[in-house]
Amino acid sequence: MPSSPLTDRVTVWFGEHRRDLPWRAPDRTPWGVLVSEVMLQQTPVVRVLPVWEQWLRVWPVPADLAAAGTADVLRAWGRLGYPRRALRLQECARAITERHDGVVPSDEDELRALPGIGSYTAAAVVAFAYGGRSVVLDTNVRRVLARAVDGAALPSPAHTVAEVRRATALVPDAPGDAAAWAAASMELGAVVCTARAPRCGACPVADLCRWRADGYPPDLHAARRRTQGWAGTDRQVRGRVMGLLRDSVGPVPLVEVERLAVEGTDRPRLQRCVDGLVADGLVEVVGDDEPALRLPA
DNA sequence: AAACCGGGGTT
DNA sequence: AACCCAGGTTT
């Protein structure tokens, strides 16, 4: 699409209000952008910042991470959550080192073929690392378009064909403009057009927002969204075990893990979680008669 | 299409 | 205590 009031105004707004983030600095590298995108998949900016800084200091290029010890990688990942992604990021670094001569690909299909890189992250790296044209459709952009164009409070739970087609049609023709729109629309959704308490007074397109014009109708999909529990889930137990191992220098006896894991977790459940962590490559079992757990070497 | 996967912050 | 945040992989 040549341009539209929506893309133009959001992009201009971004030029004035963009947050200064290290992975947006002029001296950023494609590798730094990729690392930031993987971390930001699951974690708010303020928690990613210090980990990203250290990560890039210790492993400034993919070959550095490829050669690192897995335990060091998992400790550096810290409490960002979803530690399987740290493993995939290291696999990704190895693939870039071996298959792409250490250069982060700029081709979207090649990016998507890397471990841990899906459609969103591939599009984001194309746009933010290389200034290329891609369709960046994360939850923020989906919400902005659902509101401004469709007049819906929130996007549908799953991507729809029509939604992707619409987002594709909206991307400006020039690669630089497309990349700017991608960053701008994400930023608008992240800081102004937020899920719960949108700041419409600060929105550059409030006057053409259909959701606002229609009087903020409620979410049609509310009944089908269900909040995922946390207390007592396998995720909580896994997180607790990983925390124990991260903070321990040597192997931790399984009996000690059982004692320090989540209160009220029965033995079969803990065993199931440990087995899952082992299967994921996040934990190693050492010793037979006196089994202990540790982070993989 | 749906389930799985963390952890911190806000309300 | 309840709710919010988010994308990739696996089944």
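Take the position in the first sequence, starting the count at 1, then add 128; the result is the number in the numbering used here.
All C-beta atoms in this analysis are idealised placements derived from N, C-alpha and C, irrespective of residue type, glycine included.
query: Quick check on Glu418: does DSSP put it in helix, strand or coil?; result: coil
query: Going by DSSP, what residues sit across from Pro381 in a beta bridge?; result: Ala420
query: First and last residue of the alpha helix (DSSP H) that includes Asp403?; result: 395-407
query: I'd like the list of long-range same chain contacts for Leu316, defined as Cβ closer than 6 Å, with 5 residues on each side in sequence excluded.; result: Val138, Val272
query: Does the segment 211-225 touch the segment 380-399, meaning 3 or more C-beta pairs lie closer than 8 Å?; result: no
query: Give me the residue from Ala302, Leu217, Arg261 with the minimum Cα distance to Glu236.; result: Arg261
query: What first and last residue would you give for the alpha helix (DSSP H) that runs through Ser247?; result: 247-258
query: Measure the C-alpha to C-alpha separation of Val320 and Val269 and round it to an integer number of angstroms.; result: 12 Å
query: List the endpoints of the continuous alpha helix (DSSP H) containing Asp301.; result: Asp301 -> no alpha helix (DSSP H), and no H or E assigned at all.
query: Would Ala276 pass as a contact of Cys337 if the rule is Cβ separation under 8 Å?; result: yes
query: Could you give the C-beta distance for Val369 and Val385, rounded to a whole number, given that I count them as a contact under 8 Å?; result: 6 Å
query: Residues bridged to Val269 by DSSP?; result: In the DSSP output, where bridge partners are listed per residue, Val269 has none listed.
query: Between Glu219 and the rest of its own chain, which residues show a CB-CB distance below 6 Å, the 5 nearest in sequence each way excluded?; result: Pro243
query: Ala323 and Leu282: beta carbons closer than 8 Å?; result: yes
query: From the DSSP output, in three-state form, read off Glu412 for me.; result: strand
query: Please go through the same chain and pick out, in chain order, the residues whose beta-carbon is closer than 7 Å to the beta-carbon of Pro346, but skip the five residues on each side of it.; result: Ala281
query: Could you check how far apart the C-beta atoms of Trp205 and Gly279 are, in whole angstroms? I think they sit under 8 Å.; result: Rounded, the Cβ-Cβ distance is 40 Å, inconsistent with contact.
query: Tell whether a beta-carbon distance below 8 Å holds between Val292 and Glu165.; result: no
query: Does the contact criterion of 3 or more C-beta pairs under 8 Å hold for the segment 157-176 versus the segment 329-336?; result: no
query: Looking only at its chain, what residues have a beta carbon closer than 8 Å to the beta carbon of Gln170, apart from the 5 residues adjacent to it on each side?; result: Leu208, Gly209, Tyr210, Arg213
query: How about Val402 and Leu423: do their beta carbons lie closer than 8 Å?; result: no
query: Buried or exposed, going by whether 16 or more other CB atoms sit within 10 Å of the CB of Thr296?; result: exposed
query: Mind checking whether Ala257 and Pro158 have CB atoms under 8 Å apart?; result: yes
query: Is Ala251 near Val232, with beta carbons less than 8 Å apart?; result: no
query: Cβ atoms of Phe142 and Ala302: under 8 Å apart, would you say?; result: no
query: When DSSP labels each residue in this structure, what does His145 get in the three-state scheme?; result: helix
query: May I ask you to report which of helix, strand or coil DSSP gives Met129?; result: coil
query: For Pro178, which of helix, strand or coil comes out of DSSP?; result: helix
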